[in-house]
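In the UniProt record's numbering, the protein residues as written are 1 to 225. Note that CB positions come from ideal geometry on N, CA and C, so glycine has one too. Structure record follows, encoded as structure tokens.
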């Protein structure tokens, strides 16, 4: 199938709904023949349910778009892709967890778009090490301090554009919110705060929510849930 094209830099799946090019064939062809890819997009590809463990053989890959696929789990080997700068997984509705070692992409990952991943319960550990991150669409606050807002967001000072912070019921105090240093993120244009629908709704929690909002008063805030 590929001859001169073995040195392709960009591969996009477009209008494959009636094509016998299924997901197994796709990865076999790419990994065996397209070692020089810089850009790979499976956006809205209906046959993609998993990534192969050998994904890290695409050592030159800088841009990976898995948005709108049915992928359920990302292999740990993804964290060995040291040239990866952009990872998009918009509306991957079956994805419930990100790889634990994403912090290994400390020098290169710039753009992480995980908006619309409804099953995601928390962020991976040590997200704070991704100090070159410029766009983070969403941060899901975990129940434990190691994956909370206090430790993980404070050092990400170069974030641009919009940021959505979800599961704010896991923030215990306004002090934790202030330690996230949102007010110092001068390139942020919009901040969205979200409490889960099943979060406790009483006077004490309402006051805690108001205290958190006060720590973020510099920004235009949208409260949902």
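DSSP three-state assignment for residue i, whether helix, strand or coil
i	result
residue 118	coil
residue 20	Low confidence applies to residue 20: its pLDDT is 49, below 50, so where it sits in the model is not reliable, and the reading given next is rough at best. Three-state result, residue 20: coil.
residue 156	coil
residue 87	strand
residue 28	helix
residue 214	helix
residue 98	coil
residue 92	coil
residue 198	coil
residue 130	coil
residue 80	helix
residue 172	coil
residue 34	coil
residue 208	helix
residue 177	helix
residue 71	coil
residue 186	coil
residue 48	coil
residue 54	helix
Counted within 10 angstroms of its Cβ, other Cβ atoms place residue i as buried (16 or more) or exposed
i	result
residue 157	exposed
residue 196	exposed
residue 239	One cannot answer for residue 239 here, as it falls past the ends of the chain, which runs 1 to 225.
residue 190	exposed
residue 137	buried
residue 177	buried
residue 69	buried
residue 54	exposed
Residue i versus the options, residue with shortest Cα-Cα distance
i	options	result
residue 147	58, 115, 75 and 124	124
residue 81	162, 35 and 71	35
residue 142	177, 60, 90 and 167	167
residue 44	29, 50, 67 and 55	67
residue 126	145, 116 and 120	145
residue 154	128, 31 and 106	128
residue 59	78, 207 and 103	78
residue 149	29, 114 and 174	174
Residue(s) in a DSSP beta bridge with residue i
i	result
residue 63	39 and 86
residue 148	BP columns for residue 148 are empty, so no partner.
residue 163	191
residue 11	40
residue 112	87 and 136
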